[in-house]
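In the working numbering, the protein residues as written are -1 to 659.
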């Protein structure tokens, strides 16, 4: 067994590997860029080595610098995590040539299966069903249009070396191909150093299901069940679960055996994943093989009880698997959500900045948080926007989903935009809970964007009750301030609580107590809401049912966030609430004359000049953020009056790029 390993990665996966290595008694080495100098993975490791400046090309993709770090620290093996160099054949070869073990598959398997074009050819040769498409070199946009027309729309354009949802574009027409082909090439080159693109038929209403594989150097290969990964946005997975609510035991066996056969054909060992798409008739097609540990591996660990990182390390050290296919059992259910630095209320635009507040839910038997940040960490524009992974488990799918909702309610993040509300809304969505999933779920269920989870009357009443309790506690404290001219005022029990535009009459039976009988519009309930002024999370119980609410103070009340939505509460005395109705609301400014930058990013292209006439839907500019290109289009026709930025400028959110007449 190794005595010291280096983790050639950052963030949550680096922390994840360090935890297992530490449990195994193996010393660890962290590498970092200047942007990650104070990151948790750097602090956790036994040794640390600086790689270079923040851009990945100068740090985490610098194979020579990582090799030098191994030599300087005496690391005997390297775990690549996922992304960066994890699927680079050249990196695995470089390490092996220098006597350092690569904790992953053999270089030949990486080359064969990591190249999306080559892997499809191998799959076809092995008799594996693949999606119809063009498997070959595409010369340029004209050639791409010709190929797409021959396959038939819709088609998917994919970077050959792509992964993680990057370098992928869906095209429904020739215009989509013309607009997206070059962007796909650029993303592939920027993220993976390879601008080759292939085109395949897009199977409509598919499910994305993947098989987890594990093999040793002695030729033993097993499959560890499947993961359902159909909930995606822009081809980036958002929710994963194991097992799939769609897969039958017969289908699981067929997919697993096919995946094992494919892996055996290329001499595979270590952890790997075969990705498939499945139709409503339970037919399935090979998409690609990821020759690395997947982001979503924890759900498999939950239901199988197998630590995949530990197995990867043991296999790399030459140990055989200590179990067979017959020993693999799937027990219970696990769900993972990816907490991203993106704002679902602004079209899921990336968000960067400092985590002013970061309090994940406490870990337990049914809750696990994989993260690589702490309060005060910076979410940088240089890397992936994922903040954390929240994994919950239960004996049934419903129990695992309910645990996820409760944990999301307790997840506190301030300082940047995040998608916690959206994740909670997904968990509560009837279609998701029924297991009726496709990769188009988000686009189909939220065609006009996300405005918050659906809310019912019961939740509003309960929040009004908590609002009354908080107002009563605050009023009681105010009454205890010494030196008041008329002496301590009596604390009345009545409040007018406005929530979701509706004024509710609330009466708190006991002043300044955490447990009280609260009446809302004539309905009485027992509320246990332990809270102190300044506290940001309430873990309440209402008539015996738990409800966690994140709290932010406002001038005349609070903002409550729970169950995938924020609620502004105004808590006033009833006679004051009557007068408040006559207050004039402030009119927001008209910003329709401006093209505003929707996210912090780099202006990579500007397609118009002063005096140009633009039409609704026309591409005006391209902003690059989080390694993704975002096309900004005109919302209406007009004439450009002023240009306030130029390509290459770094823009803040809401910066005015263009002004129209």
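Don't be surprised by glycine CBs; every beta carbon is placed ideally from N, CA and C. Quantities reported herein were computed from a predicted structural model and do not represent experimental measurements.
Which residues mark the beginning and the end of the beta strand (DSSP E) in which residue i is found?
i, result
"residue 571", "Neither: residue 571 is in no beta strand (DSSP E) and is coded neither H nor E."
"residue 209", "205 to 213"
"residue 503", "500 to 506"
"residue 549", "543 to 552"
"residue 523", "521 to 526"
"residue 48", "45 to 50"
"residue 449", "That residue, residue 449, is in no beta strand (DSSP E); it is neither H nor E in DSSP."
"residue 387", "384 to 392"
"residue 492", "492 to 497"
"residue 31", "25 to 31"
By the 10 Å Cβ neighbour count, where 16 or more other Cβ atoms means buried, how is residue i classified, buried or exposed?
i, result
"residue 282", "buried"
"residue 586", "exposed"
"residue 98", "buried"
"residue 107", "buried"
"residue 60", "buried"
"residue 673", "The requested residue 673 is not part of the displayed model; the chain covers only -1 to 659."
"residue 166", "buried"
"residue 304", "buried"
"residue 77", "buried"
"residue 292", "buried"
"residue 66", "exposed"
"residue 572", "exposed"
"residue 480", "exposed"
"residue 260", "buried"
"residue 611", "exposed"
"residue 307", "buried"
"residue 580", "exposed"
"residue 433", "exposed"
"residue 322", "exposed"
"residue 394", "exposed"
Taking the Cβ atom as the reference point for each residue, do residue i and residue j lie within a distance shorter than 8 Å?
i, j, result
"residue 270", "residue 288", "yes"
"residue 351", "residue 377", "yes"
"residue 406", "residue 418", "yes"
"residue 264", "residue 110", "yes"
"residue 297", "residue 239", "yes"
"residue 26", "residue 37", "no"
"residue 653", "residue 595", "yes"
"residue 290", "residue 455", "no"
"residue 318", "residue 218", "yes"
"residue 627", "residue 159", "no"
"residue 664", "residue 276", "Missing from the structure shown is residue 664; the chain here goes from -1 to 659 and no further."
"residue 425", "residue 101", "no"
"residue 603", "residue 645", "yes"
Please list, in chain order, all residues of the same chain as residue i whose beta carbon is under 8 Å from its beta carbon, the five residues on each side excluded.
i, result
"residue 416", "337, 338, 339, 340, 341, 349, 385"
"residue 177", "617, 629"
"residue 564", "419, 450, 557, 558"
"residue 72", "2"
"residue 668", "Residue 668 lies beyond the residue range present for the chain, which begins at -1 and ends at 659; the question has no answer from this structure."
"residue 533", "549"
In its own chain, which residues sit with a C-beta less than 6 Å from the C-beta of residue i, not counting the 5 before and 5 after it?
i, result
"residue 517", "505"
"residue 513", "526"
"residue 52", "31, 32, 33, 380"
"residue 390", "333, 364, 365, 398, 401, 402, 405"
"residue 203", "436"
"residue 68", "4, 98"
"residue 439", "229"
"residue 537", "546"
"residue 491", "505, 506"
Strictly by DSSP, which residues pair up with residue i?
i, result
"residue 320", "BP columns for residue 320 are empty, so no partner."
"residue 237", "229, 335"
"residue 410", "357"
"residue 155", "167, 197"
"residue 540", "525, 543"
"residue 640", "657"
"residue 288", "271"
"residue 648", "600"
From the beta carbon of residue i, is the nearest beta carbon of chain B less than 8 Å away?
i, result
"residue 610", "Among the chains in the structure shown there is no chain B, since it carries only a single protein chain."
Give the range of the alpha helix (DSSP H) segment to which residue i is assigned.
i, result
"residue 350", "First-last for residue 350: undefined, no H or E at that position."
"residue 477", "455 to 477"
"residue 187", "172 to 190"
Identify, in the order they occur along the chain, each residue of the same chain with its Cβ nearer than 7 Å to the Cβ of residue i, setting aside the five sequence neighbours on each side.
i, result
"residue 501", "494, 575"
"residue 676", "Residue 676 lies beyond the residue range present for the chain, which begins at -1 and ends at 659; the question has no answer from this structure."
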